[in-house]
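*Asks:*
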Amino acid sequence: MKKVSLLLLVSFCAVSSFAQNIQLHYDCGKDRGYLTSTVELFKPDKLGSTFFFIDMDYGSHDLKGVTLAYGEIARSFKVFKKLPNLQPRIEYNGGFTRLSKDLSIPIENAVLAGMQYTWNDESFSKVFTLQANYKYIQDKHNAAFQLTGVWGLHFFDRKLSLTGFADFWREVNTVWDDNGAAHKTKYVFLAEPQVWYNFMPHFSVGSEVEMSSNFAGNKGFMANPTIAVKWTL
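Numbering follows the numbering used here, with no gaps: position 11 of the sequence shown is 51.
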């Protein structure tokens, strides 16, 4: 569910010093049927902004308890007075997943550094950020890349919100098709568009669709929807 609400938080922060939300998703995808929680925080300051999120899956692979923990933390810097929307940024990603009761594997540590540019209208009801990053993946790639787009569109006096992100990056992986055959891939695509109906400023109900290609060991394109609730603190 990573960074999907970042621009919703950005628009909230236009009138507040910081924003944090907690999401709970029920994954309706094929062979899934488990819960995922997401905690996000976005906090701007005079020097830039800090964003982080932590995802946890519960009960996947027919296991009990936390079966995946994954987090990202990013920092952007205001360095160009004449171009305040253009900012250098750094980011760290990492976590682990449990495949069985006795087997857990790490999600490789990754460090990213690059630039981001944000477009927005005067009311912050339409916001889009584009990022271009160098990406180091520990024990895998000393030099890869990642392109990211993040968006937030708000309608009907912010009762309806369309948020999301799309990532495209280079990473050599082994993935498996539906017949169990292994394939080597070089690139990964992941997008998570969300739709939220905001019953009140703090409580929302909505859905997300995880759309991916060559992601998490699966060859080719997959689409996995969720049903979700969100509380904004």
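By construction, the Cβ of each residue, glycine as well, lies at the ideal position given by its N, Cα and C atoms.
All of these numbers come straight from a predicted model, not from anything done at the bench.
Using 8 Å as the limit for Cβ to Cβ distance, is residue 199 near chain B?
*Replies:* No chain B appears in the structure shown, which is made up of a single protein chain.
*Asks:* Could you check whether the stretch 102-113 touches the stretch 134-143, counting it as contact only if at least three pairs of C-beta atoms, one from each stretch, sit closer than 8 Å?
*Replies:* yes
*Asks:* Mind reading off the beta-carbon distance from residue 209 to residue 257? Whole number of angstroms is fine, and I expect it under 8 Å.
*Replies:* So it is not a contact: roughly 16 Å between Cβ atoms.
*Asks:* Taking 8 Å as the limit between beta carbons, can you name the residues of its chain near residue 75, skipping five residues before and five after?
*Replies:* 64, 65, 66, 67, 97, 98 and 99
*Asks:* Within 10 Å of its beta-carbon, does residue 84 have 16 or more other beta-carbons around it, so buried, or fewer, so exposed?
*Replies:* buried
*Asks:* Take residue 118 and list the residues in its own chain whose beta-carbon comes closer than 7 Å to its own, dropping the five residues that flank it on each side.
*Replies:* 87, 88, 124 and 127
*Asks:* Does the Cβ of residue 116 have 16 or more other Cβ atoms within 10 Å, making it buried, or fewer, making it exposed?
*Replies:* By the neighbour-count rule (16 or more Cβ atoms within 10 Å), residue 116 is buried.
*Asks:* Measuring CA to CA, which of 142, 192 and 153 is closest to residue 184?
*Replies:* 153
*Asks:* Does the beta-carbon of residue 178 have 16 or more other beta-carbons within 10 angstroms, so that it is buried, or is it exposed?
*Replies:* exposed
*Asks:* Is residue 89 helix, strand or coil by DSSP?
*Replies:* strand
*Asks:* Expressed to the nearest angstrom, what Euclidean distance is found between the alpha-carbon atoms of residue 91 and residue 129?
*Replies:* 11 Å
*Asks:* Which residue spans inside the stretch 153-181 form an unbroken beta strand (DSSP E) run of at least 3?
*Replies:* 166-177
*Asks:* Starting from the C-beta of residue 166, find all residues in its chain whose C-beta is less than 6 Å away, skip the five residues before and the five after it, and write them out in chain order.
*Replies:* Once the five neighbours on either side are set aside, the close Cβ partners of residue 166 are 193.
*Asks:* How about residue 172 and residue 204: do their beta carbons lie closer than 8 Å?
*Replies:* no
*Asks:* Can you tell me where the beta strand (DSSP E) with residue 221 in it begins and where it stops?
*Replies:* For residue 221, there is no enclosing beta strand (DSSP E), as DSSP marks it with neither H nor E.
*Asks:* Is residue 101 helix, strand or coil when you go by DSSP?
*Replies:* Under the three-state reduction of DSSP output, residue 101 falls in the helix class.
*Asks:* For residue 163, is the classification buried or exposed, using 16 other Cβ atoms within 10 angstroms of its Cβ as the cut-off for buried?
*Replies:* Classified as exposed, residue 163 has fewer than 16 neighbouring CB atoms from the shown chains inside 10 Å of its CB.
*Asks:* Which residue marks the beginning of the beta strand (DSSP E) containing residue 8, and which one marks its end?
*Replies:* The chain is shown only over 41 to 273; residue 8 falls outside these bounds and no answer can be derived.
*Asks:* When the Cα atoms are used, what is the spatial distance from residue 140 to residue 72?
*Replies:* 15 Å
*Asks:* Fully enclosed by the stretch 229-268, which beta strand (DSSP E) runs are 3 residues long or longer?
*Replies:* 234-238 and 243-255
*Asks:* Residue 117 lies in the beta strand (DSSP E); which residues open and close that run?
*Replies:* Note, residue 117: beta strand (DSSP E), 106-117.
*Asks:* Measuring CB to CB, does residue 199 end up less than 8 Å from residue 212?
*Replies:* Cβ atoms of residue 199 and residue 212: not closer than 8 Å.
*Asks:* Between the Cα of residue 246 and the Cα atoms of 234, 255 and 196, which residue gives the shortest distance?
*Replies:* 234
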